[in-house]
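One structure is given here, and the rest of the page talks about it.
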């Protein structure tokens with residue numbers, strides 16, 4: 026959120042947006058005909074200038090359940106304030122048999138990257154490139170520390186795919202054309218591992234938490250949240266309430282999941298859980314070569330904790346915790362606390378004056394038309410509106426921070442269940458509409474949508490052979506805007522959609538005999554109020570890219586984005602980008 030007193034600077038340098046670099050699709054080049062990993066996702070746009078590069082690890086082999094430690098030293102001769110910091114990582118896996126694996130990179134307990142890997146095939150050794158904007162983590166990167174990459178992988182005579190990986194940080198020096206943005210003064214991991222690792226939450230009561238005393242001049246605070254479904258929870262969106270599980274031959278535990286944030290046991294915010302599908306999920310052929318939304322590179326959700334700034338500044342110890350409502354063995358989680366301090370005050374005081382989230386338990390409403398034979402519908406819904414307000418006595422007066430949000434969730438499942446067919450059709454929709462505002466005139470509005478559709482259709486022929494036809498449609502839609510006393514300052518919009526289909530074939534003994542009809546497509550689009558435009562489209566059939574294009578609908582048919590923008594959907598709820 027833009028701070029008071031910066032408005033004139035914002036308007037004066039808004040023209041800097043045209044000193045922009047393009048954000049090209051992470052795939053690069055024209056991949057038509059390729060069977061390698063291909064996405065329409067944008068790369069992180071870069072400011073002008075030559076970056077300083079710090080290699081974190083290079084050509085590490087991931088063939089066991091050990092970690093890969095590394096030592097980090099800040100770049101020499103590049104200053105301590107940067108216009109932008111970008112993580113680049115490259116992975117590959119040899120052709121053969123291998124599961125999809127979870128990958129994460131850590132430094133000083135803080136998560137720098139979280140995602141999964143591509144499954145190889147017997148003939149395709151896939152490779153892929155991921156990037157993450159880490160500018161907001163600059164305070165962490167100013168100091169030397171210990172890090173590690175975690176990518177647990179089993180390699181034996183059956184599982185033969187060996188994963189390799191490299192990662193580096195690129196630091197772009199601040200300049201007149203690319204000034205350093207205001208970034209958090211402290212970057213604090215919630216995990217207990219001093220180097221860093223995920224924390225697994227097996228139930229709704231399990232927590233990722235940290236008890237700590239923060240500086241006594243906290244002005245704003247945010248929490249970046251990752252919650253990745255694993256094990257029995259990997260396909261949580263397909264599950265049903267326990268009382269229906271046997272009738273429909275499906276997993277129990279329900280299908281509502283939501284990340285809950287608390288401070289000293291008091292509800293402080295929520296984060297929606299994205300239904301990520303990994304490259305071995307449901308039907309592996311669905312995701313070759315176009316992967317699901319964010320599969321290889323998760324985006325964190327940023328929770329605004331600024332109404333608690335005055336409380337967090339009182340010098341006492343406070344416990345910040347994350348849990349996952351509905352977790353059913355299990356979710357892997359990571360969270361990072363971002364703290365902005367009042368540089369002109371040694372002591373900020375204040376309190377929370379209103380919190381309507383407290384007392385609103387995340388309890389869904391369930392309805393069903395299911396009959397005794399397992400045919401019919403099951404619908405799960407939840408909607409909550411809450412307001413959290415708190416004031417902070419700062420060097421520029423008393424500031425009241427307000428978070429006003431509406432959370433929506435629905436999961437409608439239709440079942441057809443008989444001797445020759447098992448059909449499950451899921452339509453799920455998750456939404457988050459909210460505004461963070463301060464009495465100093467600043468405001469930030471965000472609308473998030475996670476539409477998801479799954480059609481799973483199993484048919485058994487008279488000879489006992491079977492086909493399983495699957496269609497998946499995923500979406501990620503994000504609209505954001507910042508303002509000052511009602512005056513719009515900046516807005517952007519991200520839309521990422523993936524559609525995939527495939528049919529698996531089995532003989533009468535249940536042996537897999539092949540697949541047909543593989544087809545997929547992805548469209549990734551970004552626009553902002555300063556003229557940035559990005560669009561990329563990719564399509565595939567039978568495991569190979571059939572079409573690829575960029576710039577559709579953009580001026581001159583060319584992608585072009587401001588260097589400070591976030592076309593990938595990564596958070597910018599600190600200062601308005603680039604200002």
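Residue numbers (the numbering used here): 26 to 604. Note that beta-carbon positions come from the ideal geometry of N, C-alpha and C, so glycine has one too.
DSSP bridge partner residues for residue 561 (one or two, in chain order): For residue 561, which the question treats as bridged, DSSP gives the partners 549, 575.
Extract the residue ranges of the beta strand (DSSP E) inside the region 461 to 529, only unbroken runs of 3 or more that lie entirely within it. For the region 461 to 529, whole beta strand (DSSP E) runs of length 3 or above, ordered along the chain, are 467 to 485, 491 to 509.
Classify residue 56: buried if its beta carbon has 16 or more other beta carbons within 10 angstroms, exposed otherwise. Buried is the call here.
Extent of the continuous beta strand (DSSP E) run through residue 108: That run of the beta strand (DSSP E) goes 107 to 118.
Below 8 Å between beta carbons: does that hold for residue 571 and residue 526? Against a cut-off of 8 Å, the Cβ pair of residue 526 and residue 571 comes out as no contact.
Under 8 Å between the Cβ atoms of residue 216 and residue 359? In this structure, residue 216 places its C-beta atom within 8 Å of the C-beta atom of residue 359.
For residue 584, count the other beta carbons within 10 Å of its own beta carbon; 16 or more makes it buried, fewer makes it exposed. Which is it? Buried, because 16 or more other Cβ atoms sit within 10 Å of the Cβ of residue 584.
Cα-Cα separation between residue 486 and residue 174, rounded to whole angstroms: So the alpha carbons of these two residues sit roughly 48 Å apart.
May I ask which residues mark the beginning and end of the beta strand (DSSP E) holding residue 267? Bounds of any beta strand (DSSP E) do not take in residue 267; it lies within the alpha helix (DSSP H) bounded by 267 to 273.
Meets three-Cβ-pair contact criterion under 8 Å: the region 373 to 386 and the region 416 to 432: With a cut-off of 8 Å on Cβ pairs, the region 373 to 386 is in contact with the region 416 to 432, counting three or more such pairs.
For residue 350, the first and last residue of its enclosing beta strand (DSSP E): For residue 350, the enclosing beta strand (DSSP E) has its first and last residue at 343 to 350.
Separation of residue 564 from residue 452, as counted between CA atoms: Across the structure, residue 452 and residue 564 are spaced so that their CA atoms are roughly 23 Å apart.
Below 8 Å, can you find three or more Cβ-Cβ pairs linking the region 544 to 560 to the region 311 to 330? The answer is yes - the region 311 to 330 touches the region 544 to 560, with three or more Cβ pairs under 8 Å.
Quick check on DSSP: helix, strand or coil for residue 592? The answer is coil: DSSP assigns residue 592 none of H, G, I, E or B.
Measuring straight from C-alpha to C-alpha, what distance separates residue 84 and residue 224? Each residue's Cα considered, the two are about 26 Å apart.
CA-to-CA distance, residue 101 to residue 169, given in whole angstroms: So the alpha carbons of these two residues sit roughly 12 Å apart.
Three-state secondary structure (DSSP) at residue 263? In this structure, DSSP gives residue 263 a helical state, which the three-state scheme calls helix.
Looking only at its chain, what residues have a beta carbon closer than 6 Å to the beta carbon of residue 346, apart from the 5 residues adjacent to it on each side? Within the same chain, Cβ atoms closer than 6 Å to the Cβ of residue 346 are found at 232, 234, 287, the five residues on either side in sequence being excluded.
Got a sec? Which residues, its chain only, sit under 8 Å from residue 542 by beta carbon, not counting five neighbours each side? Here residue 542 has 494, 526, 527, 528 as same chain residues with Cβ atoms under 8 Å from its own Cβ, once five neighbours each way along the sequence are excluded.
Going by Cα to Cα distance, which pick from 98, 538, 522 is closest to residue 561? It is 522 whose Cα lies nearest to the Cα of residue 561.
Residue closest to residue 116, alpha-carbon to alpha-carbon, out of 531, 167, 127, 107: Nearest option by C-alpha distance: 127.
Nearest candidate by alpha-carbon position, reference residue 58, set 566, 590, 597: Among 566, 590, 597, the Cα nearest to that of residue 58 belongs to 566.
Along the chain, where does the beta strand (DSSP E) containing residue 192 start, and where does it finish? First-last of the beta strand (DSSP E) with residue 192: 188 to 198.
Exposed or buried, which one is residue 282 when buried takes at least 16 other CB atoms within 10 Å? Note on residue 282: 16 or more other CB atoms within 10 angstroms of its CB, so buried under the neighbour-count rule.
Residue 591, buried or exposed, once every other Cβ within 10 Å from all chains shown has been counted against 16: Per the 10 Å Cβ criterion, buried.
By DSSP's criteria, residue 234 is part of a beta bridge. Which residues make up the other side? Its beta-bridge partners are 346.
For residue 143, tell me which candidate among 165, 336, 64 has the shortest Cα-Cα distance. Per the C-alpha coordinates, the member of 165, 336, 64 positioned closest to residue 143 is 64.
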